[in-house]
Amino acid sequence: MKNRFVALIFALLFGSFGLHKFYLGHIFAGIAYLIFSWTGIPTILGFIDVIILGTMDERKFNAIYNHKHYLASPPTPIVTPPPVNTTERLDVLIIKTCAAKAIGATVSECIVATGEDPQKVKETIDVLCRKGFLLPDNREGDYAVVYRPI
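Each step along the sequence shown adds one to the number in the UniProt record's numbering, with nothing skipped, and position 119 is 119.
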């Protein structure tokens, strides 16, 4: 947080070199003061800055140079709970579909029962098989791949 008195002292003692400009965050102005310090112009401008900073109200100084410190705290994000899903999860629906049939269910039957994207259903079935919830098997007669709950 910048202090008006420190800026005033910097402008008074080192105004011709632009130290007060660097302190107040005006980097380009500070570089210009430093580059042209040999001309004497920054010395005159430094005294003008002393007068301006000396007569400036503390609240105005803070509003100009310390505004980042006085901003209200950032608003807290509004966290909304996830929507209540009245439909069952996809993995539960697939397991129920496979359990409803004594011989197991095919991927096509799971897609029809869930109404989900076929690729998503296939991926979920693969995950359930890897986790040990479903067992792939062949159906008698047509040897279609069916999945049975374990």
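By construction, the Cβ of each residue, glycine as well, lies at the ideal position given by its N, Cα and C atoms.
Taking its Cβ as the centre, do 16 or more other Cβ atoms sit within 10 Å of residue i, making it buried, or is it exposed?
i: G104; result: buried
i: R89; result: exposed
i: G25; result: exposed
i: A100; result: exposed
i: P81; result: exposed
i: F10; result: buried
i: V121; result: buried
i: I48; result: exposed
i: T86; result: With a pLDDT of only 48 at T86, under 50, the local geometry of the prediction cannot be trusted, and no value is derived from it.
Thinking C-alpha only, which one of the options is nearest residue i?
i: G46; options: Y147, H20 and A100; result: H20
i: M1; options: G132, A102, A63 and Q119; result: A63
i: F36; options: F61, F17 and A7; result: F17
i: V127; options: D57, K68 and I94; result: I94
i: E58; options: L8, I27 and V107; result: L8
i: Y65; options: Y147, N3, R139 and V146; result: N3
i: C129; options: F22, G141, H67 and R148; result: R148
i: L13; options: T43, G30, T39 and L34; result: T43
i: I52; options: V79, W38 and G15; result: G15
i: S108; options: V145, M56, G54 and I27; result: V145
request  = Could you tell me which uninterrupted beta strand (DSSP E) segments, each at least 3 residues in length, are contained entirely in the segment 30 to 104, listed from first to last along the chain?
outcome  = none
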